[in-house]
Structure formats: structure tokens, C-alpha cells
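One structure below.
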Amino acid sequence: MTIYTYSEARQKLASVLNQAQSDGEVLIKRKDGSLFVVKPISPSQSPLNVEGIDLNMSAEEIVDILREVRSR
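According to my numbering, the sequence shown holds residues 18 to 89 in order.
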């Protein structure tokens with residue numbers, strides 16, 4: 018795990034972020050000894066974000082089927 022000083026991290030921010038991306042996380046240490054972790058996060062996706070399926074049906078056919086089912 019790579020540790021950067023606060024000054025190094027400020028001067029090389031792009032490199033620090035790239036290092037965090039490749040290694041999983043990077044530490045930044047202040048003069049007072051406090052440590053901070055920089056790590057990438059994965060973009061979360063909605064569980065409702067699913068791929069559609071091709072039914073080979075027109076919208077009109079689907080609406081007709083729904084109307085028929087609802088009328089029962």
C-alpha cells in the first residue's frame with residue numbers, strides 16, 4: 018500500500034488517484050501523523066436497471082393482451 022505525504026498528494030493528485038484505482042487504496046499522511054484513505058468506489062446501479070427483452074410484438078399487441086387480461 019502506497020503512502021503519500023499531504024504535500025506529495027496535493028502536487029500529484031492525478032497520480033494518487035491512478036494509484037488508488039490500480040491498487041485499491043492509497044494512504045495520505047499529514048505532518049501530525051493522521052492518516053487518510055483514498056479509494057475508488059464502484060458506481061452503483063439500480064436493481065431495477067435490467068435489460069429489456071425482445072418479444073417480437075408490437076406495442077399495440079401488448080396493449081391488447083393487457084386489456085384482455087384486465088377485462089377478465
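Glycine residues also receive a C-beta, built at the ideal position from the N, C-alpha and C atoms.
Quiz item: Given that a residue counts as buried once 16 or more other Cβ atoms are within 10 Å of its Cβ, and exposed if not, what is A26?
Solution: buried
Practice problem: Would you give the residue range spanned by the beta strand (DSSP E) that I45 belongs to? | Solution: V43 to K46
Practice problem: Using three-state DSSP, classify V55 as helix, strand or coil. | Solution: strand
Quiz item: If you draw a straight line from the C-alpha of L83 to the C-alpha of S63, how long is it?
Solution: 27 Å
Quiz item: Who are the near neighbours of N89 in its chain, counting only those whose CB is closer than 7 Å to its CB and skipping five residues on each side?
Solution: The question names Asn, but residue 89 in the sequence shown is Arg. Around R89: no qualifying Cβ.
Practice problem: Could you check if V86 is buried or exposed, using at least 16 other CB atoms within 10 Å of its CB as the buried criterion? | Solution: exposed
Self-check item: Own chain residues within Cβ distance below 6 Å of R47, not counting five before or after
Solution: Y23
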